[in-house]
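Visitor: Here it is: the structure, laid out below.
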Amino acid sequence: MNTKLKTIAIALMALSASAFVSSCNQADKTESTTETTAVNTAGTTDADEHSGEHTYACPMHPEVTGKEGDMCPKCGMKLEHNDNAGKSNGKAYVMNFKANPGKVEAGKAALLSFTPGVKNSESELVPLELHHEKKIHLIVVSKDLSYFEHIHPDYQASGSYDITVLPTSKAFTEGPGKNETRFPKGGEYILFADYMPTGGNAQLEKIELAVGGTPYTPETYSAPKLSGTADGYTLDLVPDGGTFEVGKLAHIQGVLKKGGKAMDANMLENYLGAKAHMVVVGINDKNYLHVHPEVKDGKFDLHTTFEKAGVYRGWVQFQADGKVRTTDYVIVVK
Amino acid sequence: MSKLTPLVTFLGLFVLLANSPLAMAHGGEDHGAATAPTGKAVAYFTSQAISDKYELVLHYEPLEAGEAGKLRLYINEFNTNRPVEGATLKLSSPEEAKLTIVVKPIGKGIYELSGTFPAKKRYSLTVSLNAGPGADLLLLPGIEVGKDLPVSTVAAPIVGPAHWYESPYLLLGGGLLLGMGLMFLLMRTRNRRVSAAVVVLFCLLPTAHWQRANAHGGEDHGAAASGGGATSSTFAIPKETQFLFNILTQRLVAGEQALTTTVAGTVIPSSTGQAVVQSPQVGRLTSLLVRVGQSVSKGQTLALVEQTIDAATQINLQAERNTLQAELQVARKEFDRLKTIEDIVAKRDLTEAEARLNRAQANLKVFTSIAQGGRGNARSISLKAPVGGIVGPFTAAIGATVNVGETLFTITNLGKIYIEAQVFDKDLAVLRQAKSFGVEGVNDAGKRGVARLLSQAQTVNASNQSQRLLFEMDNGGGAFKIGEFVTIRVQSARGTRGLSVPNAALSEMNGKSVVFIKDAPEVVSLAYVTTGADNGQFTQILSGVEADERVIVSGTYQAKMIYLNQ
């Protein structure tokens, strides 16, 4: 009897010891499984698609890649995590432009339609990604670069992004800078459509538009103008070293003043997700550059690289007191 | 054999016990709840697309190539998070031109998509959408066909142990040997108590495993998770839950907000708002014509008081009456006599006599009017309401004797009230350029009104240096009572620009103000904010949030609960 009891006791102890040891192992395992589950909660986000090195790219110039914290030499924007950067999805995008009526006349109503498409695949619909809160940023400049406008075509049920050209008599429905424009004078205009297809890279389409009617008198720019004023707000551009040089990363400080007194740029309201936007267009080659300044110590800090010498026109847009202000500049690069 | 049978049974039983129930206990509900913040979050794949108008979230269970599949599409407005109903949807796939997808609305902002994906690969869906906020074209990327949920794919390799020491059989065998060795050593010790203690201890050992699982999946673990969460402060709210709890957002834009300040006040009756009715005479209340709480109009008779006179006074009165009547008779006789001899009397005497008669008549008339009838010992006085209003509580009863100057009735008119407020210097600046004064009850914020400033203070309260201001307010329904404490919200005509959120968006966490910001379609983060002026509907945010962020303004409580329970 005693022996039997002892045997059972031995067996019992052995089993409990083994159960204890193995349970520790199982506990750890279950834990690790759940942790993996937690990571995968995100579904098909970036998290589970890659585990190696992250690529950081400029949101506007995807060809510019680098490490985290780097800055784009073209527009001064901070590089963002983007593993599709630098890779092409193999599609060639094109922005199809149509005006209705075909010949836009100054001071008369018209409709400008923009339809993004894929080359050699006419029927494919191209959804666009929001960048800076809009799907398409349309910059309208006159060929002499005296006229500037930044508007946003709105998607229509017809499948195109439209801009309504208002006749002289009609006022803007929701103020300027939305999805309406007007051509007070005829002449040659250039439209820059800045957009990014979903899954693709940032695209820029340069569209030339001849507007009928009395043409504007072309202006010529040669002397630098680095101070711009709009509605009492003055923004002065101060380049490091005082001049702009070709091929060199230019550090430009933007000093903001209101009514002659220095103003903290942080006090500005966000306009399209940034404190300010700068557009630079070359007088000769009509090349387009979109720069986003950062704010440092209450001043704007712009970084860009001019690849060619010549005269450039620049416009800075910022929002204060609920209104968008545009200041203009002439930049001479030597 | 008889020895061996129980041992084998026991062994078999224990092997069973060691393998299945242990795993179950560990993978139980407690643990699962603690680690997976959203419970069923991994039961489906997700794909999202956003534009400036819409936010699209697609949930779907694993799809098989060539088999009909169902996907659930949630559509809401980007800025407000409001579900979009009645949208016309056209779906196509750039990868497969022939793919047809049937759309069926199954709820507020929820659409069921059914279709058959032909191949095992990654699809995307182009959504052409038209609804209230306008037309839009979006792309839902990365729709996996023929892929299992991440959980199972990750869990699969763990089925086989990754290391030799993880093998359950090896550990089981090792444990057996260890136990036997221990028992062998134990048998050699003759101390029965020690052996019994060790046996019991070892029997309890397997339960230590349960213990450990509990501690791990329980509160401790949760606290650690939320502690980590507090630094990231981001948590998930599935779209379905957002729609269910009606979680709505608002995009923050800088705007003008008027400077406001609040002052405390007390309701007092207006100058014509309260009146008392007092007895002008000592008397007896003979009739009461109103009840407590009755509404009376100006001039309405409230009660009758009968004048009571004691015997001495009565004798005096009678004597006085007799004197007056005698005087009248004498005066009349004298006048009549002089009248008959008018020709020979001096004109002056006749006039005097006439005047005496008139005076005597007048005196008697006055006396009679006061002491009624002349003979009676009582006179009735009616008490009339001096203002219109409500009769306040009174204690007078019919038959009671009232004294001169005794207050019998109080009539209150709450149609117009005054509010007395004690204001300090710092608030006066806002008060001077005030645009409006909003009044609300301290105990019942539902009571609201708009007051006018009646008088500015001429003196300062010496004890606390406050100034007394008087406001007048219409109180039609009589909502505000005399003596009630109220808050007066002074809104300045001058405003400041800044970010402000509806008061419903603010909640408290550890005693600090927080708002919940929707970062992504199903991701919400918590932001501690410092608040500025509150104008009763909106509160200014001084720091903690940025313009263009989407703040949860409805369903804030639910969001907070989800955060706390994650």
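Same order as they appear, the protein sequences are chains A and B.
Counting in our numbering, the first sequence runs from 886 upward without gaps.
Counting in our numbering, the second sequence runs from 9 upward without gaps.
In this text, a Cβ means the ideal position worked out from N, Cα and C, and glycines have one as well.
Computed from a predicted structure; not experimentally measured.
For chain A, is any of its Cβ atoms less than 9 Å away from the one on Ile-570 of chain B?
Guide: Cβ-Cβ to chain A under 9 Å: no for Ile-570 of chain B.
Visitor: Taking the continuous beta strand (DSSP E) assigned at Tyr-1101 of chain A, which residues delimit it?
Guide: It is not in any beta strand (DSSP E) - Tyr-1101 of chain A carries neither H nor E in the DSSP assignment.
Visitor: Consult DSSP for Tyr-631 of chain B and reduce its assignment to one of helix, strand or coil.
Guide: Here chain B has residues from 9 to 574 only, and residue 631 of chain B is not among them.
Visitor: Could you tell me which chain B residues have their CB closer than 7 Å to the CB of Pro-1012 of chain A, listed as they occur along the chain?
Guide: What Pro-1012 of chain A touches in chain B: Thr-134, Leu-145, Leu-146 and Leu-147.
Visitor: Check whether chain A comes within 9 Å of Ser-100 of chain B, counting only Cβ atoms and requiring the distance to be less than that.
Guide: Taking Cβ atoms only, chain A reaches closer than 9 Å to Ser-100 of chain B, which makes this a yes.
Visitor: Given Glu-37 of chain B, which residues of its chain have a CB within under 7 Å of its CB, disregarding the five upstream and five downstream residues?
Guide: Caution applies to Glu-37 of chain B, whose pLDDT of 35 falls short of 50 and renders its modelled position unreliable; the value that the coordinates give is listed next. There are no such residues.
Visitor: The alpha helix (DSSP H) that contains Thr-376 of chain B, what's its start and end?
Guide: Taken as a continuous stretch (DSSP letters only), the alpha helix (DSSP H) holding Thr-376 of chain B covers 355-378.
Visitor: What distance in whole Å lies between the Cβ atoms of Val-553 of chain B and Ile-525 of chain B, which are believed to be in contact at a cut-off of 8 Å?
Guide: Rounded, the Cβ-Cβ distance is 7 Å, consistent with contact.
Visitor: When you compare only the Cα positions, how much space is there between Ile-109 of chain B and Glu-1034 of chain A?
Guide: The alpha-carbon atoms of Ile-109 of chain B and Glu-1034 of chain A are separated by roughly 41 Å.
Visitor: What do you reckon, are the CB atoms on Ala-600 of chain B and Leu-121 of chain B nearer than 9 Å?
Guide: Lying before the first or after the last residue shown, residue 600 of chain B is absent from chain B, which here runs from 9 to 574.
Visitor: If the cut-off is 8 Å on Cβ atoms, which residues from the segment 1016-1035 of chain A count as contacting chain B, listed in chain order?
Guide: Per Cβ criterion, the list reads Glu-1018, Lys-1019 and Lys-1020.
Visitor: Closer than 7 Å by C-beta to Met-1081 of chain A: which residues in its own chain qualify, once you throw out the five before and the five after it? Chain order, please.
Guide: Cβ neighbours of Met-1081 of chain A beyond the five flanking positions: Leu-1013, Glu-1014, His-1016, Ala-1087 and Gln-1088.
Visitor: Note down, in chain order, every chain B residue with its Cβ under 7 Å from the Cβ of Thr-1000 of chain A.
Guide: Residues of chain B passing the Cβ test: none, with the nearest at roughly 10 Å.
Visitor: For Asp-1206 of chain A, which residues in chain B fall below 8 Å Cβ to Cβ?
Guide: Arg-505, listed in chain order.
Visitor: Shorter than 9 Å from the beta carbon of Ser-59 of chain B to some beta carbon of chain A?
Guide: It does: the Cβ of Ser-59 of chain B has a partner Cβ on chain A nearer than 9 Å.
Visitor: Which residue wins for smallest C-alpha separation from Ile-58 of chain B, given the options B:Ser-100, B:Pro-149, B:Gly-140 and B:Lys-129?
Guide: With distances taken between Cα atoms, Ile-58 of chain B lies closest to B:Pro-149.
Visitor: Which value, in whole angstroms, describes the spacing of the CA atoms of Ala-567 of chain B and Gly-1195 of chain A?
Guide: The straight-line gap from Cα to Cα measures roughly 56 Å.
Visitor: For Ala-127 of chain B, return the contacting residues in chain A, with the cut-off set at a CB-CB distance below 9 Å.
Guide: Those within 9 Å of Ala-127 of chain B in chain A number zero; the least Cβ separation is about 18 Å.
Visitor: Which of the three DSSP states is assigned to Glu-248 of chain B in this structure?
Guide: In the structure shown, Glu-248 of chain B sits in a helix (DSSP, three-state: H, G or I).
Visitor: Who are the neighbours of Leu-1144 of chain A on chain B, taking C-beta pairs under 8 Å?
Guide: Inspection of the sequence shows that residue 1144 of chain A is occupied by Gly rather than by Leu. Residues of chain B passing the Cβ test: none, with the nearest at roughly 16 Å.
Visitor: Could you give the distance in angstroms between the alpha-carbon of Ala-1159 of chain A and the alpha-carbon of Thr-1211 of chain A?
Guide: The alpha-carbon atoms of Ala-1159 of chain A and Thr-1211 of chain A are separated by roughly 14 Å.
Visitor: Based on DSSP bridge pairs, tell me the residues matched to Thr-575 of chain B.
Guide: Beyond the ends of chain B as shown, which are 9 and 574, falls residue 575 of chain B; an answer cannot be given.
Visitor: For the structure I just gave you, are there three or more beta carbon pairs, one from the segment 1063-1081 of chain A and one from the segment 991-1002 of chain A, closer than 8 Å?
Guide: The answer is yes - the segment 991-1002 of chain A touches the segment 1063-1081 of chain A, with three or more Cβ pairs under 8 Å.
Visitor: With a floor of 4 residues, list each alpha helix (DSSP H) that falls wholly inside the segment 101-140 of chain B, ordered by position along the chain.
Guide: With a minimum length of 4 residues, no continuous alpha helix (DSSP H) run stays inside the segment 101-140 of chain B.
Visitor: By the three-class DSSP mapping on this structure, what secondary structure does Ile-427 of chain B have?
Guide: DSSP places Ile-427 of chain B in strand when its eight states are reduced to three.
Visitor: Identify which residue in B:Ala-127, B:Gln-322, B:Thr-249 and B:Glu-314 has its Cα closest to the Cα of Gly-563 of chain B.
Guide: Selected option, being the one with the closest Cα: B:Thr-249.
Visitor: If you draw a straight line from the alpha carbon of Arg-130 of chain B to that of Ala-977 of chain A, how long is it in whole angstroms?
Guide: If you take the alpha carbons of Arg-130 of chain B and Ala-977 of chain A, they lie about 21 Å apart.
Visitor: Along chain B, which residues have their Cβ under 8 Å away from the Cβ of Ala-977 of chain A?
Guide: Result: empty, since nearest Cβ-Cβ is about 14 Å, beyond 8 Å.
Visitor: Any heavy atom of the ligand SAH closer than 8 Å to the beta-carbon of Gln-430 of chain B?
Guide: Ligands in the displayed structure: none, and consequently the ligand SAH is not present.
Visitor: Taking a contact to mean a Cβ-Cβ separation below 9 Å, would you say Gln-315 of chain B touches Gly-397 of chain B in this structure?
Guide: It is not a contact, given that the beta carbons lie outside the stated cut-off.
Visitor: Report the residues of the segment 1069-1087 of chain A with a CB closer than 7 Å to any CB of chain B, ordered along the chain.
Guide: Cβ contacts with chain B come from Thr-1083 and Gly-1084.
Visitor: So, using beta-carbon positions, are Leu-996 of chain A and Thr-1049 of chain A closer together than 9 Å?
Guide: In contact: Leu-996 of chain A and Thr-1049 of chain A (Cβ atoms closer than 9 Å).
Visitor: Could you check how far apart the C-beta atoms of Ser-1045 of chain A and Phe-999 of chain A are, in whole angstroms? I think they sit under 8 Å.
Guide: 6 Å between Cβ atoms; contact.
Visitor: Measure the alpha-carbon distance for Ala-1205 of chain A versus Thr-1083 of chain A and round it to whole angstroms.
Guide: Each residue's Cα considered, the two are about 32 Å apart.
Visitor: Is the Cβ of Asn-199 of chain B closer than 9 Å to any Cβ of chain A?
Guide: Asn-199 of chain B does not count as touching chain A.
Visitor: Taking the continuous beta strand (DSSP E) assigned at Asn-87 of chain B, which residues delimit it?
Guide: Element bounds for Asn-87 of chain B: n/a, residue is neither H nor E.
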